[in-house]
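Peer 1:
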Amino acid sequence: MACAQAMAHPVAQPDETGTRITERTRKGMGMKHHHNIDELREALADKRGRIALSRRGFLQGAGVMAAGAAAAGMIAGCSPQTEGSSNASDPRGGEAMATTGSTAAATGNEGKTMGEVLGAGWLGEEPEIAEDEIASVQEADIIVCGAGHAGTATARRAAELGAKVIVVEMQPEDTFSALGNDIGHLNSSWQLDRVGIPEYSVVDFMNEYQMYGAGRVQPTLLSQFANRSGEALDWFIDGYTEAEKDELIPLNWPVVEGYNYKKGPFTSYVGTCQFGGSVGMTDAVKRSQEKAKAAGAQFVYGQAAVRLVHNEDGTEVTGVIAKDSNSGEYTQYNGRAVVLACGDIGSNSAMYNAICRENYELGEYKDCSAMSGRDGSGIAMAMRIGAKVEIATGGDMGSHAFIPLSPMEGVECLWLNKYGERYCNEAFGGPLLSGCAGAREPGDRAYLVWGNDWQEVFLNQLAGHLAPKEWDADAIANVKSYMDAAVGSGAEGDDTSGKFLYCADTLEELCDYMGMEEGVKANTLAAIEKWNAAHDAGIDTEFGRDPETMWPIKDGPFYGYPCSKRIGGGSLVATSGLLVTGRQQVQGQGFEPIKGLFACGNTSGGRFPMGYNGIMNGVSIGMCLCLGYTLGEYLATEDFDRYCTLGAGNADIKQSDKGMAGPPPGSGEGDAEGGAPGGDGAPAGDGAEGGAPADGAPTGGAPA
263 MACAQAMAHP VAQPDETGTR ITERTRKGMG MKHHHNIDEL REALADKRGR
313 IALSRRGFLQ GAGVMAAGAA AAGMIAGCSP QTEGSSNASD PRGGEAMATT
363 GSTAAATGNE GKTMGEVLGA GWLGEEPEIA EDEIASVQEA DIIVCGAGHA
413 GTATARRAAE LGAKVIVVEM QPEDTFSALG NDIGHLNSSW QLDRVGIPEY
463 SVVDFMNEYQ MYGAGRVQPT LLSQFANRSG EALDWFIDGY TEAEKDELIP
513 LNWPVVEGYN YKKGPFTSYV GTCQFGGSVG MTDAVKRSQE KAKAAGAQFV
563 YGQAAVRLVH NEDGTEVTGV IAKDSNSGEY TQYNGRAVVL ACGDIGSNSA
613 MYNAICRENY ELGEYKDCSA MSGRDGSGIA MAMRIGAKVE IATGGDMGSH
663 AFIPLSPMEG VECLWLNKYG ERYCNEAFGG PLLSGCAGAR EPGDRAYLVW
713 GNDWQEVFLN QLAGHLAPKE WDADAIANVK SYMDAAVGSG AEGDDTSGKF
763 LYCADTLEEL CDYMGMEEGV KANTLAAIEK WNAAHDAGID TEFGRDPETM
813 WPIKDGPFYG YPCSKRIGGG SLVATSGLLV TGRQQVQGQG FEPIKGLFAC
863 GNTSGGRFPM GYNGIMNGVS IGMCLCLGYT LGEYLATEDF DRYCTLGAGN
913 ADIKQSDKGM AGPPPGSGEG DAEGGAPGGD GAPAGDGAEG GAPADGAPTG
963 GAPA
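To get the working numbering, take the position in the sequence shown, counting from 1, and add 262.
1. Let me know if D914 comes out buried or exposed under the rule of 16 or more other beta-carbons within 10 Å of its beta-carbon.
2. Give me, in chain order, the residues of the same chain whose beta-carbon lies closer than 7 Å to that of N687; leave out the 5 immediate sequence neighbours on both sides.
3. Can you tell me the Cα-Cα spacing of I883 and G863, whole angstroms?
4. What is the rounded straight-line gap between the Cα of L893 and the Cα of Q480?
5. Tell me the start and end of each unbroken beta strand (DSSP E) in the segment 766–850 that is at least 3 residues and wholly inside, in chain order.
6. Starting from T482, trace the beta strand (DSSP E) both ways and give me its first and last residue.
7. Which whole-angstrom value is the C-beta distance of P824 and Y709, which I expect to be below 8 Å?
8. Considering just the uninterrupted stretch of the beta strand (DSSP E) at F762, what are its terminal residues?
9. Since I believe A559 is in contact with R418 (beta carbons under 8 Å), could you give me their beta-carbon distance rounded to a whole number of angstroms?
10. Quick check: what's the CA-CA separation for G280 versus K920?
11. Are the CB atoms of R636 and G605 within a distance shorter than 9 Å?
12. Helix, strand or coil: how does DSSP classify H662 here?
13. For V881, name the three-state secondary structure that DSSP assigns.
14. Do the segment 491–507 and the segment 437–448 make contact, defined as three or more Cβ pairs closer than 8 Å?
15. Note down, one range per segment and in chain order, each beta strand (DSSP E) of at least 3 residues found wholly within the segment 695–750.
16. Grab me the residues of G752's own chain with a C-beta within less than 7 Å of its C-beta, minus the 5 sequence neighbours each way, in chain order.
17. For G800 and A748, what's the separation of their Cα atoms in angstroms?
18. Taking 9 Å as the CB-CB limit, is G520 close to chain C?
19. If you run the structure through DSSP and keep just helix, strand and coil, what is D352?
20. Which whole runs of the alpha helix (DSSP H) in the segment 424–489 are 4 residues long or more, in chain order?
21. Specify the secondary structure class of A566 as computed by DSSP and reduced to three states.
22. Measuring straight from C-alpha to C-alpha, what distance separates A554 and L841?
23. Return the CA-CA distance between E422 and A557, expressed in angstroms with no decimal places.
24. Measure the C-alpha to C-alpha separation of A476 and M872 and round it to an integer number of angstroms.
25. Determine the contact status of V399 and T593, defining contact as a CB-CB distance below 9 Å.
26. Grab me the residues of G705's own chain with a C-beta within less than 8 Å of its C-beta, minus the 5 sequence neighbours each way, in chain order.
27. Between which two residues does the beta strand (DSSP E) containing T580 stretch?
28. How big is the Cα-Cα spacing for R619 and V651?
29. Taking its Cβ as the centre, do 16 or more other Cβ atoms sit within 10 Å of Y627, making it buried, or is it exposed?
30. G638 and N610 - do their beta-carbons sit closer together than 9 Å?
31. Could you check which residue in K816, A644, W813 and Y622 has the C-alpha nearest to that of G832?
32. Fully enclosed by the segment 628–660, which alpha helix (DSSP H) runs are 4 residues long or longer?
33. Would you mind giving the Cβ-Cβ distance between W711 and C675, rounded to the nearest angstrom? I have them listed as a contact below 8 Å.
34. Would DSSP call I396 helix, strand or coil?
35. Can you grab the Cα-Cα spacing for the pair C405 / A616, in whole Å?
36. Would you tell me roughly how many angstroms separate the C-alpha atoms of V465 and K731, rounded to the nearest one?
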């Protein structure tokens, strides 16, 4: 194949400057066929605005340009603006730059912790707990705060490998509950051998996941999930009876005959394990807790962690203090490792607004909150001693995106904005990713349109969060009942599905039924025509959608759904947490690990830096399980303290004086007002209301 291509497209020969000039280049630039290489080079330079140089002249010129660029950089950084400069319109000239620079320096934030700067107004300070207030002290190798998905997995795995573990859980034992139903993972024996799902490429998965996260996902955590999440799932359900395993549901399975798992650059990851029947998710987590206890782990219910035990500068943690919800007594738990698996920031709007800033601003400053109910106290405890938190552009499960959820859920049909214009690739990585474009579109709505082949559209989507979870006969029958009910409903539409769906014999009628004004109707008809043309041509040059995922809208009856826009304000769960290393060690100033402090589950960042991605159903709980499993293993078997000193003795890096000078370092002088307010978990003075309670706050909740 390579040889055939080489023959079809001869390799261009370089001229004496090393420039390769092909026949295509000549034709594309309107050049004649020059037999003399100097003539050709001059013509090329003419066309492209380049100076025609000999090889020697080129090399000499390159040296001059490099020196000149360095000099220009230094001059630009040191010289005042002239009247002819780009800033000449500012009457202050160079004075404006100086003023701007001094204003920036005057913030006084350089060298402060993220808690002091970001948390000003809501973080509060650590509660003061006198030594004589502590009723008892207990010792263990590992102290885990939170007995949810991540905390239980950490404790169980560490105990199985011989570590002494104490788990502190805020919920009472008799009413303990865990959120969720689905555990997303890759390549478990349950998937491959029992269900028959094809093996997935972990390499493809990691690269796709990083695309979802814009390269910001913690690579080692991602690698652990890609390579070991299947192992963790099999471990989690070990000991289940055959009947109980039969009750576990593989989501989006089976697929239709001929189903293409590749949708453009993305893979459809079917086969998430859903718990139901005789073993629900809470029962499953409780079973894992019992296995942890059998291995020697101690669980203490009804206690909330309120303060870390640490050295003066917050670089080392040696324990945690917890408060009993009934007696009010404090217990101090000391250990070599403290694991924060305390859940998210969902019920703390001040914290949520600050950390998930994009979601807050997309909602035009509507307070964010999540259904999880966790108040971020675990994250706040760490921030108060200098830990960093992941600042995510969309750190929750969906409020960063406009997801048009139709009666077919997040169906990847034709999406139109308020003007009746198509505005994105609707099938770009599932609705949580493709929905980001709609969040920034004008207006309060989207219009969804499809033809009579709705079943093909429904059954050939990319599997994942907010897409239909089931493609079986019952699911198809439900959707068919919605479609049938809409037929003949006219401009009234039909809401059998709980959402008003419209159906018409012609596209013009459909637009009228959906209440479009004439200009929007005209745009809609034009957009459908372009959509059909892209399908027929086998290429979508407008937005780059894989044509195999585009179903023509040519034959009626036609269906439409006008969807109200909702963005910002929070979601099911927040997914931004503490910044951690690949070993899940919490990071402080200089991004250095804080000795003895770890975070897992929704208390940890690094998993969904651009918001929950929905690459598969249940990926959040799947990560809680898998990364809890690997963390427990690591803490029980490795010398984890060594990474707090490893590398400190490396030689200094040599700095050359021959390169371009960088910007001068800031002076770091001058203090600005602000910082972490005083008080017992509440803001001081006129700070913003709300905040992470410092004393007695619910910490260590189940959805970790």
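All C-beta atoms in this analysis are idealised placements derived from N, C-alpha and C, irrespective of residue type, glycine included.
Peer 2: Result, derived from the coordinates:
1. Burial call: exposed.
2. Here the set comprises S696, F805, G806 and R807.
3. Straight-line Cα distance between these residues: approximately 8 Å.
4. The alpha-carbon atoms of L893 and Q480 are separated by roughly 15 Å.
5. Taking 3 residues as the minimum length, the beta strand (DSSP E) runs contained wholly in the segment 766–850 are 820–826 and 847–849, in order along the chain.
6. Here T482 belongs to no beta strand (DSSP E); instead the alpha helix (DSSP H) covers P481 to F498.
7. 5 Å between Cβ atoms; contact.
8. Element bounds for F762: n/a, residue is neither H nor E.
9. Rounded, the Cβ-Cβ distance is 7 Å, consistent with contact.
10. Model confidence at G280 stands at a pLDDT of 42, short of 50, so the residue's coordinates are unreliable; what they give is reported in the following sentence. So the alpha carbons of these two residues sit roughly 28 Å apart.
11. Closer than 9 Å, so yes.
12. In this structure, H662 counts as coil in the three-state DSSP scheme.
13. Correct three-state label for V881: helix.
14. These segments touch.
15. The qualifying runs are 707–712.
16. Taken in chain order, the residues that qualify are Y775.
17. In a straight line, the C-alpha of G800 is about 31 Å away from that of A748.
18. Among the chains of the structure shown, chain C does not appear; only one protein chain is present.
19. Its pLDDT being 42, under 50, D352 is placed unreliably by the model, and the measurement read from it follows with that caveat. Looking at D352 - three-state DSSP - the assignment turns out to be coil, as it is neither helix nor strand.
20. For secondary structure counted as the alpha helix (DSSP H) over 4 or more consecutive residues, the segment 424–489 holds these complete runs in sequence order: 464–474.
21. Of the three classes helix, strand and coil, the one that applies to A566 here is strand, per DSSP.
22. Their backbone Cα atoms lie some 27 Å apart in a straight line.
23. Answer to the nearest angstrom: the Cα atoms are 5 Å apart.
24. A476 and M872: Cα-Cα distance of roughly 7 Å.
25. Yes. Within cutoff.
26. Excluding residues within five positions, the ones whose Cβ falls inside 8 Å are N679, K680, Y681 and K827.
27. First-last of the beta strand (DSSP E) with T580: V579 to D586.
28. If you take the alpha carbons of R619 and V651, they lie about 13 Å apart.
29. Around the beta carbon of Y627, a 10 Å sphere encloses fewer than 16 other beta carbons of the protein chains shown; the residue is thus reported as exposed.
30. Against a cut-off of 9 Å, the Cβ pair of G638 and N610 comes out as a contact.
31. Out of K816, A644, W813 and Y622, Y622 has the C-alpha closest to the C-alpha of G832.
32. Fully enclosed alpha helix (DSSP H) runs of 4 or longer: 639–645.
33. Note on residue identity: the sequence assigns Val, not Trp, to residue 711. Their Cβ separation, rounded to whole angstroms, is 6 Å, which keeps V711 and C675 in contact under 8 Å.
34. Under the three-state reduction of DSSP output, I396 falls in the strand class.
35. Looking at the sequence shown, residue 405 is not Cys but Ile. Cα to Cα, the separation comes out at about 29 Å.
36. If I take the Cα positions, the gap works out to 25 Å.
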